[in-house]
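Worksheet: one structure, shown below.
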């Protein structure tokens, strides 16, 4: 993906993130900080809210957005070539927003604070 397309996809994803941040929900910084804890909890088998197929979809989306190879090249269909990148980036951002919110609620229910169990 060209740099300009990455920038457009990133800007669209950021707009989606900003619009999905509702009052009373965790902020973007809190969600980003929760990502490594969520992955670690999933890999250790403690958190089963993130399914393996969903995790694979996230990894594929990251690889697609970062990859210079596009499913729909901009050379042939410029607008559609950009739209697929933006669409994947927006899906990834909004899906991660929802997934991290569920994880943060799970941490609260389970009594976890910053990845440690509160006794």
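Residue numbers (the numbering used here): -4 to 114. Every residue, glycine too, gets a C-beta built ideally from N, C-alpha and C.
* To do: Please confirm whether residue 37 and residue 45 have their CB atoms less than 8 Å apart.
  => For the purposes of this step, residue 37 is identified with residue 42 of the chain shown, where counting begins at 1. For the purposes of this step, residue 45 is identified with residue 50 of the chain shown, where counting begins at 1. Yes, Cβ-Cβ distance for residue 37 and residue 45 is below 8 Å.
* Counting pairs of Cβ atoms below 8 Å between the stretch 78 to 90 and the stretch 51 to 62, do you hit three or more? -> Contact holds between the stretch 78 to 90 and the stretch 51 to 62, because three or more Cβ pairs, one in each stretch, are under 8 Å apart.
* Does DSSP classify residue 62 as helix, strand or coil? -> Position 67 of the chain shown, counted from the first residue, corresponds to residue 62. In this structure, DSSP gives residue 62 a state outside helix and strand, which the three-state scheme calls coil.
* Asked: Buried or exposed: residue 51, going by 16 or more other Cβ atoms within 10 Å of its Cβ?
  -> As a working mapping, residue 51 is identified with position 56 in the chain shown. That one is exposed.
* To do: Specify, as a first and last residue, the run of the alpha helix (DSSP H) that residue 30 falls within.
  => Start at 1 with the first residue of the chain shown, and residue 30 comes out as number 35. Start and end: 23 to 38.
* With C-beta atoms as the reference, is residue 102 less than 8 Å away from residue 21? -> Walking along the chain shown from the start, residue 102 turns up at place 107. Walking along the chain shown from the start, residue 21 turns up at place 26. It is not a contact, given that the beta carbons lie outside the stated cut-off.
* State the DSSP-derived secondary structure class of residue 105, mapped to helix, strand or coil. => Here residue 105 is taken as the residue at index 110 of the chain shown, counted from 1. The answer is helix: DSSP assigns residue 105 an H, G or I state.
* To do: Using the Cα positions of residue 34 and residue 64, report the straight-line distance between them to the nearest angstrom.
  => Counting from one through the chain shown, the residue named residue 34 turns up at place 39. Counting from one through the chain shown, the residue named residue 64 turns up at place 69. Approximately 27 Å between the Cα atoms of the pair.
* By how many angstroms is the C-alpha of residue 30 removed from the C-alpha of residue 87? -> Your numbering for residue 87 matches position 92 in the chain shown. Your numbering for residue 30 matches position 35 in the chain shown. As the crow flies, the alpha-carbon of residue 87 is around 13 Å from that of residue 30.
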